[in-house]
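Notes follow the structure.
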């Protein structure tokens, strides 16, 4: 039996409308979940690149600590570290999902709680990255480059 109007079966129509609303709600929830997954995959890609750059910076810092390195070798290492830092900054300030910045909280507050993870700012403004820069600059006798 088909229900075309309340006149055909009022109770059946009410049940049908309620089920239709539930299906639409479930479809929207699935779409939202897929958007969240895509957002996290985009963020993960950016963080993977940052992680690779940070590991390379650590390798360079350890390499700069080798007493057999010349000053020009250390300066070359510092130049590579500076380039890697610029790439980390570029990723952190330009990664977007759906037109919204993922990591740059100053430019985007609409993304919500996920951006509260200040991982990149913490790495950029302290921790072992700062120690590595200090070590390289001490070994090369050149001041560390200014960060933005």
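Numbering (my numbering), first residue to last: 1096 to 1243.
Ideal placement from N, C-alpha and C gives every residue a C-beta, glycine not left out.
Simplified DSSP assignment, three categories, for residue i
| i | result |
| --- | --- |
| residue 1169 | helix |
| residue 1162 | coil |
| residue 1127 | helix |
| residue 1099 | coil |
| residue 1104 | coil |
Proximity of residue i and residue j at Cβ, strictly below 7 Å
| i | j | result |
| --- | --- | --- |
| residue 1149 | residue 1172 | no |
| residue 1183 | residue 1157 | no |
| residue 1118 | residue 1108 | no |
| residue 1190 | residue 1131 | no |
| residue 1275 | residue 1151 | What is shown of the chain runs 1096 to 1243, which leaves residue 1275 out entirely. |
Residue i at chain C interface by Cβ criterion, 7 Å
| i | result |
| --- | --- |
| residue 1164 | Chain labels in this structure do not include chain C; a single protein chain is all it has. |
Beta-ladder partner(s) of residue i, from DSSP
| i | result |
| --- | --- |
| residue 1192 | 1195 |
Inter-residue Cα distance where the pair is residue i and residue j
| i | j | result |
| --- | --- | --- |
| residue 1102 | residue 1195 | 49 Å |
| residue 1160 | residue 1147 | 20 Å |
| residue 1104 | residue 1113 | 14 Å |
| residue 1129 | residue 1111 | 27 Å |
| residue 1139 | residue 1120 | 28 Å |
| residue 1197 | residue 1162 | 41 Å |
| residue 1193 | residue 1115 | 29 Å |
Residue burial classification, residue i (beta-carbon count within 10 angstroms, cutoff 16)
| i | result |
| --- | --- |
| residue 1133 | exposed |
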